[in-house]
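To keep things clear, I will list the structure first and then write my remarks on it.
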Amino acid sequence: MIINLKEHSGEFCTARKNKGLSQVIQILKMALEKNEKITISTTGVKILTPSYIDELIPPLVIIFGSEKIKQLVSFSPPLTGFILEQIDRGIKNRSR
Amino acid sequence: MTSSLENILKNFLISKDGFVEVRNITDSQLFDFYITQTIKNNNLLVVLEELRMNSIEHAKSEPNFFFKKESDHFVFIIEDNGFGIHQTLPKNPKLSDTEGRASSSILRLALEESISGTGLQGRGMGLYFLSRLITEIDGECLVASDSGFVSKTNDIYTEKDLLIDIKKNVIIIKINFKGLGL
């Protein structure tokens with residue numbers, strides 16, 4: 120399954136209160152409940168921030184655990200830099 | 002790089018001459034600036050956007066953005082008239098002892114990881130990522146708020162109290178072309 124982030128959150132996935140964020144979380148939850156692999160496509164997104172990512176991934180880690188998230192959720196193209204670092208930090212903090 | 006960030010701050014508070022100004026910069030304008038200047042360091046774009054979002058959260062409006070292109074470096078400045086950082090951090094129960102401390106010492110603390118007014122996990126990363134970026138690309142930064150500032154150059158922090166309350170937040174970032182991927 121592929122989720123196109125731009126379709127839900129627009130070209131600027133930056134704010135913690137982004138309007139489409141809850142919709143993306145809901146889609147991810149439904150797929151994860153079915154153990155479905157999900158690719159989050161950031162194609163067409165102009166700015167993606169650690170804050171947005173922090174609202175997206177850690178809540179799912181709390182529900183499904185870090186192993187399941189690592190196994191089933193991926194980004195295309197793969198995340199880099201501070202954004203990737205924030206995901207790792209979010210998983211680490213919520214896995215304690 | 003000849004002018005110190007402290008001098009840039011002092012001159013900037015008097016006059017914005019020499020800077021290109023984008024008032025109330027939006028995410029779209031920030032992205033266009035990044036593309037127009039052919040900057041290739043994505044972490045810088047991420048940091049500038051996080052700082053822009055911080056301003057919106059605290060000042061309830063977009064900040065003003067300034068930039069100046071010199072012979073071998075850029076100077077970026079983000080300015081807002083929102084609450085100072087020293088008013089926000091003591092709201093975090095774990096940082097309540099910062100209440101009343103000198104502005105410069107609170108600003109120094111704000112550059113550390115996960116230091117925020119909310120104390121929530123994952124918060125307080127904007128200024129921390131700025132500090133990290135400066136280390137990674139050998140840049141310089143200065144964060145001024147209320148009556149103090151902290152600057153970081155060559156991994157050395159300098160805290161200084163000002164004689165006046167500047168009544169705004171000013172963040173200055175100085176990065177050479179190499180650090181920007183130019």
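These protein sequence lines map, in sequence, to chains A and B. Under the numbering used here, residues 120 to 215 are what the first sequence spells out, in order. Under the numbering used here, residues 2 to 183 are what the second sequence spells out, in order. Just so you know, even glycine gets a beta-carbon here, dropped at the ideal spot from N, CA and C.
Nearest residue (CA-CA) to residue i, options the options
i, options, result
"Asp-162 (chain B)", "B:Leu-49, B:Leu-108 and B:Thr-37", "B:Leu-108"
"Gly-180 (chain B)", "B:His-74, B:Ser-62 and B:Ile-26", "B:His-74"
"Glu-141 (chain B)", "B:Lys-168, B:Asp-147 and B:Ile-172", "B:Ile-172"
"Val-192 (chain A)", "A:Leu-147, A:Lys-165 and A:Asn-212", "A:Leu-147"
"Asn-55 (chain B)", "B:Asn-82, B:Lys-69 and B:Phe-67", "B:Asn-82"
"Lys-125 (chain A)", "A:Ser-185, A:Thr-161, A:Gln-190 and A:Pro-178", "A:Thr-161"
"Asp-139 (chain B)", "B:Arg-102, B:Asn-155 and B:Leu-183", "B:Asn-155"
CB contact check: residue i to chain B, cutoff 9 Å
i, result
"Ser-195 (chain A)", "no"
"Ile-166 (chain A)", "yes"
"Gly-163 (chain A)", "no"
"Asp-207 (chain A)", "no"
"Gly-184 (chain A)", "no"
Inter-residue spacing [alpha-carbon to alpha-carbon] between residue i and residue j
i, j, result
"Met-2 (chain B)", "Leu-151 (chain A)", "Bear in mind that the predicted position of Met-2 (chain B) carries a pLDDT of just 44, short of 50, making it unreliable; the figure below should be weighed with that in mind. Each residue's alpha carbon lies about 51 Å from the other."
"Phe-178 (chain B)", "Glu-71 (chain B)", "10 Å"
"Thr-47 (chain B)", "Ile-176 (chain B)", "Reading off the sequence, residue 47 (chain B) comes out as Val, not Thr. About 15 Å."
"Ile-121 (chain A)", "Gly-129 (chain A)", "16 Å"
"Glu-160 (chain B)", "Ile-57 (chain B)", "26 Å"
"Ile-15 (chain B)", "Pro-169 (chain A)", "34 Å"
"Gln-145 (chain A)", "Ser-146 (chain B)", "40 Å"
"Phe-67 (chain B)", "Gln-142 (chain A)", "36 Å"
Beta carbon proximity, residue i to chain A, threshold 9 Å
i, result
"Glu-63 (chain B)", "no"
"Leu-134 (chain B)", "yes"
"Asn-82 (chain B)", "no"
"Ser-105 (chain B)", "no"
"Phe-130 (chain B)", "yes"
"Asn-170 (chain B)", "no"
"Phe-32 (chain B)", "yes"
"Asp-28 (chain B)", "yes"
CB-CB length for residue i against residue j, believed under 8 Å
i, j, result
"Ile-210 (chain A)", "Ile-182 (chain A)", "No, Ile-210 (chain A) and Ile-182 (chain A) are not in contact; Cβ-Cβ is about 13 Å, not under 8 Å."
"Glu-51 (chain B)", "Met-126 (chain B)", "7 Å"
How do the stretch 27–42 of chain B and the stretch 140–159 of chain A stand: do at least 3 beta-carbon pairs fall below 8 Å, yes or no?
The stretch 27–42 of chain B is not in contact with the stretch 140–159 of chain A.
The stretch 182–201 of chain A / the stretch 18–25 of chain B touching (three or more Cβ pairs under 8 Å):
Not touching, per the Cβ criterion.
Counting beta carbon pairs with one atom in the stretch 203–211 of chain A and one in the stretch 22–30 of chain B, are three or more of them shorter than 8 Å?
Taking a cut-off of 8 Å for Cβ pairs, the stretch 22–30 of chain B and the stretch 203–211 of chain A do not touch, as fewer than three such pairs fall below it.
Touching by the beta-carbon criterion (3+ pairs, under 8 Å), the stretch 131–149 of chain A and the stretch 171–183 of chain A
Verdict: yes, contact present.
Proximal residues, the stretch 124–155 of chain A versus chain D, C-beta separation under 7 Å
Included in the structure are the protein chains A and B, with no chain D among them.
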